[in-house]
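Numbering (the numbering used here), first residue to last: 88 to 276.
Notes follow once the structure below has been shown.
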C-alpha cells in the first residue's frame, strides 16, 4: 500500500494484464538487428506457480556487449560504443498465448569483476506487485560459470534454474518459473 499526499492509504496494484500499454519498446525483442552476424536467440516459456503458461507477461533483458562493456555513463570503466553495429543492450518481449517469449541478441562478455557472462532479466506478470529479477547464463563457458559468485553460492539444482540450455545452432532455451517445484532463482535488489 502507498500513502497519498492526503494521508490516505491506497491499495497496491499488480502489474498487468495490460503490459502493452506504455511498455512497448522500439526494438522489441531485438537487442541486435535481424541478420546480425553472431546473433543468438534465447527463447522460453514463462510459467506461473501452478506450472501454467503466463500469456500476459513481459520479459526484459539487459546485458553487456561482447566485450563486457556498457555504452552507458554508469559503466565505471567509461561508456564505449559497442563493437556490434546496432547493439542496444536491452530487449523486451511480451509473452504470447502459450507463454512464449524470444530475445535476439549476441553473447554477452564477462564484466571483468569475476561474474560470468550473463543477461539480467526482469519479469512482469499478473499477480506480481513488482518485477522479479533473475539472470540467464549460457552453458558455453563452464570455467567462468563455475567461478561466478552467484552461481557458486547456490546449490547445483538451484543454480541450474539460471542456466540456459542449447537448443540448436545459435539458439538457447530458458524457461522462467515464477513458483512451484521448478521455481527460478530470483534476486533481491
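Yeah, the Cβ is synthetic: ideal placement off N, Cα and C, and Gly gets one too.
This structure is a prediction, so every number in the text was calculated from the model and none was measured.
Quiz item: Who are the Cβ neighbours of residue 159 in its own chain at under 7 Å, not counting the five residues just before and after it?
Solution: Here residue 159 has 166 as same chain residues with Cβ atoms under 7 Å from its own Cβ, once five neighbours each way along the sequence are excluded.
Quiz item: Who are residue 140's beta bridge partners in DSSP?
Solution: Residue 140 is bridged to 134.
Quiz item: Under the three-state reduction of DSSP, which class applies to residue 231: helix, strand or coil?
Solution: Residue 231: helix per DSSP, three-state reduction.
Quiz item: Do you know whose CA, among 172, 183, 190, lies nearest residue 261's CA?
Solution: Residue 190 is the option with its Cα nearest to residue 261.
Quiz item: For residue 248, which of helix, strand or coil comes out of DSSP?
Solution: Helix.
Practice problem: From the DSSP output, in three-state form, read off residue 238 for me. | Solution: Per DSSP, reduced to three states, the secondary structure at residue 238 is helical.
Practice problem: Give me the Cα-Cα distance between residue 215 and residue 265, rounded to the nearest whole angstrom. | Solution: Approximately 10 Å, taken between the alpha carbons.
Quiz item: Given 8 Å as the limit, is there contact between the region 130-146 and the region 202-214, that is, 3 or more CB pairs closer than that?
Solution: Below 8 Å, enough C-beta pairs join the region 130-146 and the region 202-214 to call them touching: three or more.
Quiz item: Relative to the C-alpha of residue 183, which residue among 229, 128, 144, 252 is closest?
Solution: The shortest CA-to-CA distance from residue 183 to any of 229, 128, 144, 252 is the one to 144.
Quiz item: Taking the alpha carbon of residue 276 as the point to measure from, which residue in 149, 155, 221 has its own alpha carbon closest?
Solution: Comparing Cα-Cα distances from residue 276 to each of 149, 155, 221, the minimum goes to 221.
Self-check item: Run of the beta strand (DSSP E) containing residue 178, from where it starts to where it stops
Solution: Residue 178 -> beta strand (DSSP E) spans 177-181.
Quiz item: In whole angstroms, what separates the C-alpha of residue 129 from that of residue 246?
Solution: Residue 129 and residue 246: Cα-Cα distance of roughly 18 Å.
Quiz item: Using a Cβ-Cβ cut-off of 6 Å (strictly less than) and excluding sequence neighbours within five positions of residue 174, which residues of its own chain qualify?
Solution: Taken in chain order, the residues that qualify are 119, 152.
Quiz item: Between the C-alpha atoms of residue 188 and residue 139, what's the straight-line distance to the nearest angstrom?
Solution: In a straight line, the C-alpha of residue 188 is about 15 Å away from that of residue 139.
Self-check item: beta strand (DSSP E) segment containing residue 187, residue limits
Solution: Element bounds for residue 187: 187-192.
Quiz item: Just how far apart, CA to CA, sit residue 147 and residue 186?
Solution: CA-CA distance, residue 147 to residue 186, rounds to 14 Å.
Quiz item: With a Cβ-Cβ cutoff of 8 Å, do residue 258 and residue 171 count as a contact?
Solution: For residue 258 and residue 171, no; Cβs fall outside 8 Å.
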